[in-house]
Ligand SMILES: NC(=O)c1ccc[n+]([C@@H]2O[C@H](COP(=O)([O-])OP(=O)(O)OC[C@H]3O[C@@H](n4cnc5c(N)ncnc54)[C@H](OP(=O)(O)O)[C@@H]3O)[C@@H](O)[C@H]2O)c1
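In this note's numbering, the protein residues as written are 110 to 414.
In structure tokens, the structure reads:
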């Protein structure tokens, strides 16, 4: 892909060193130049010709130099847990980026957000309330943009399905939050990168939800995960209230296995999004991923899974 003056198109990514970032880089690296802002080094990033800007998006005051020659800005940076004092500076940093992009002639802007959540979380949880503040600012900015809101993602090194499998393998039991009748439609992180690329290539501004190819009843998915480990499903049944209590306790103890708001979101049955339909290739099913991860874990002692 080249700009009108013949140089390769330039992508500025904020938060490209994580799960989504790894796939995005893979997707764009072949024909885009990439400038990537994140705080910690990522092994192998520089070998792919990525220009790493070691910076905290929350404290970057002047984005102008980083926007030079940029054709597309992509914002991925966000935290999973935290209070207002953590999310507010990052929100301000991203708003400064948006403002700078607007002033410097509006490159196209893509932003990763999340699906709708229960109203109390949307309004009261900084993770969501401040994210929506940025979503709305982008929508009002006048910049040509796309906001993609995927559901639960899976891929190598993810912190949801892979972590759940590991717990099942180690403890042979898994907590079942409520009745397990709610839904999820896991989307491959590789497909998400393709979706981002497809969407930024289409003209106009949009806000889209993106689910994977199959809408699972949660409990069917966890049954399948036990099967991939060669184990009989064994659940520790918890009422919705006790599920949230457990998650709060885990959170207070400083573990990142699951957060209370994630349990509430799941129980509200808002994560079974319909499949994204705009790709030429079929969306990847989660089952082969679960099968391969399960087989990999079975080959190791349970304590090391
Ligand atoms: N994973 C999912 O299932 C899922 C589902 C829906 C939406 N999303 C959204 O997708 C986005 C990416 O998620 P992910 O799973 O790839 O997260 P991740 O693995 O935690 O990666 C987050 C990235 O953001 C960077 N980052 C965090 N704070 C930063 C800061 N202050 N300044 C600069 N960089 C910062 C991190 O790198 P450094 O620590 O080096 O700075 C890392 O590169 C997030 O907005 C997330 O909410 C994820």
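Every residue gets a Cβ at the ideal spot worked out from N, C-alpha and C, and that includes glycine.
Does residue i come out as helix, strand or coil in the three-state DSSP assignment?
i	result
residue 233	helix
residue 322	coil
residue 388	coil
residue 304	helix
residue 156	helix
residue 382	coil
residue 168	coil
residue 364	coil
residue 352	helix
residue 185	coil
residue 256	strand
residue 146	strand
residue 377	coil
residue 151	coil
residue 245	helix
residue 418	The requested residue 418 is not part of the displayed model; the chain covers only 110 to 414.
residue 414	coil
residue 357	helix
Note down, in chain order, each residue of its chain lying with its Cβ closer than 8 Å to the Cβ of residue i, except the 5 sequence neighbours on either side.
i	result
residue 343	281, 282, 283 and 335
residue 253	215, 217, 218, 312, 313 and 314
residue 174	none
residue 292	324, 325, 326, 327, 378, 380 and 381
residue 348	287
residue 154	126, 134, 145 and 161
residue 188	195, 196, 199 and 236
residue 228	none
Could you work out which residue in the options is closest to residue i when comparing CA atoms only?
i	options	result
residue 390	299, 210 and 172	299
residue 166	274, 146, 366 and 179	146
residue 156	188, 309 and 139	139
residue 267	126, 328 and 411	126
residue 309	320, 374 and 220	220
residue 197	249, 168 and 349	168
residue 316	374, 248 and 375	248
residue 372	158, 222, 230 and 200	230
residue 272	202, 403, 121 and 113	403
residue 370	383, 362, 384 and 355	355
residue 366	269, 321 and 239	269
residue 161	143, 274, 364 and 304	143
residue 240	204, 330, 351 and 149	204
residue 200	237, 180, 226 and 227	237
residue 333	244, 277 and 130	277
residue 279	149, 114 and 408	408
residue 164	121, 189, 179 and 158	121
residue 417	213, 207, 274 and 387	Nothing can be reported for residue 417, as the shown portion of the chain is limited to 110 through 414.
residue 179	190, 330 and 123	123
residue 257	184, 212 and 242	184
residue 345	337, 331 and 339	331
The alpha helix (DSSP H) that contains residue i, what's its start and end?
i	result
residue 327	327 to 337
residue 218	Premise fails: residue 218 lies in the beta strand (DSSP E), 217 to 221, not in any alpha helix (DSSP H).
residue 271	270 to 280
residue 132	128 to 138
residue 406	395 to 407
Closer than 6 Å by C-beta to residue i: which residues in its own chain qualify, once you throw out the five before and the five after it? Chain order, please.
i	result
residue 395	263 and 295
residue 302	132, 133 and 136
residue 151	126
residue 289	327 and 328
Counting only the same chain and skipping the five closest in sequence on each side, list residues whose C-beta sits under 7 Å from that of residue i.
i	result
residue 110	117, 118, 140 and 141
residue 210	176, 182, 216, 218 and 252
Ends of the beta strand (DSSP E) at residue i?
i	result
residue 122	118 to 123
residue 194	Unbroken run through residue 194 is the alpha helix (DSSP H), 193 to 212; no beta strand (DSSP E).
residue 344	344 to 347
residue 285	283 to 286
Confirm the yes/no value for this check: CB of residue i, any heavy atom of ligand 3, distance under 7 Å.
i	result
residue 188	Ligand 3 is not among the ligands present in this structure, which contains only ligand 1.
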